[in-house]
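All remarks here apply to the structure that follows.
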Amino acid sequence: GAVRFSDDGEPGGTAGMPMLQVLQREGLFNAVCVVTRYFGGTLLGTGGLVRAYQAAVKEGLRQCTYIEKKKGMKAAVALDYNDVGKLQHLFATNKVETLSSDYGEKVSLSLIIPSEIYEDIKEKVVDITNGKSSLQDVSEAYYALIEGDIKLWMKD
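If you read the sequence shown in my numbering, its first letter stands for residue 4, the second for the next number, and so on.
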C-alpha cells in the first residue's frame, strides 16, 4: 500500500519517518497521523525531536480505539418461532452478528455473516429449518465490532 511521510520543515529525518516507524511497529495500516509541535523556546536537537514526535504518536495511539474491518455478507432471514433457538445457537457459535430482530407473525432477523463462512451458514439455515427458511436480501459489506456495537460499511 501507499506510505507517505513528511518532516514539514523540521530537520530531515526527525519527524515523519520516526512517526511512521511507530505506526509500523504497531502493525497499523489505513491510518493517518498528524502531530503539531509548538515551539516553546527550548531547542531539542535532532535526537530530542525524534523522541518528541515518537512520544506524541505513542500517546495518540494509547488513546485510540482499534478496529479490525472484516468482509462480510449482510442477509435477512424470516423463520418460525420453533427455529429461533437453534439458529441463535448456530449464529452465536459462528460469530454471526444480529443487526436487528423483529418478532411478529414470524421472526425476522437481519444478520452480518463473515464472508468465509457465508456458504456454510446458508446451507445450515436451510438444513436446521427443514427448508422452511433461507437467507435473503444478500449484499456484501464490511463491518467491525467497536466496543460491542457493530459498525457497518456497505460495499461500493
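Note that CB positions come from ideal geometry on N, CA and C, so glycine has one too.
It should be emphasised that the depicted structure is a prediction, and the values quoted were computed from it without experimental measurement.
Query                                                                                                                    : Result
Cβ-based burial, A78 [other Cβ within 10 Å; buried from 16]                                                              : buried
Residue interval of the beta strand (DSSP E) (run including Y41)                                                         : First-last for Y41: undefined, no H or E at that position.
Y56 classed as buried or exposed, judged by whether at least 16 other C-beta atoms fall within 10 angstroms              : buried
Segment contact flag, the segment 96-106 with the segment 131-142, C-beta cutoff 8 Å, min 3 pairs                        : no
Between the CA atoms of K109 and A34 - distance to the nearest angstrom                                                  : 43 Å
Cut-off 6 Å between Cβ atoms - residues of its own chain near D140, not counting five sequence neighbours on either side : A79
Neighbourhood of T17 by C-beta, 8 Å cutoff - its chain only, sequence neighbours within 5 removed                        : D10, T49, L52, V53, Y56
Rounded separation between V99 and L47 - CA only                                                                         : 52 Å
Limits of the beta strand (DSSP E) - the one that Q139 falls within                                                      : 139-149
Heavy atom of the ligand ADP within 6 Å of I70 beta-carbon                                                               : With respect to the ligand ADP, the structure shown offers nothing to examine, as it has no ligands at all.
I116 - DSSP class collapsed to helix/strand/coil                                                                         : strand
Sub-7 Å separation of S118 and G151 beta-carbons                                                                         : no
Host alpha helix (DSSP H) of G63 (start-end)                                                                             : 48-65
Buried/exposed call for A144, threshold 16 Cβ in 10 Å                                                                    : buried
L102 in three-state terms, based on DSSP                                                                                 : strand
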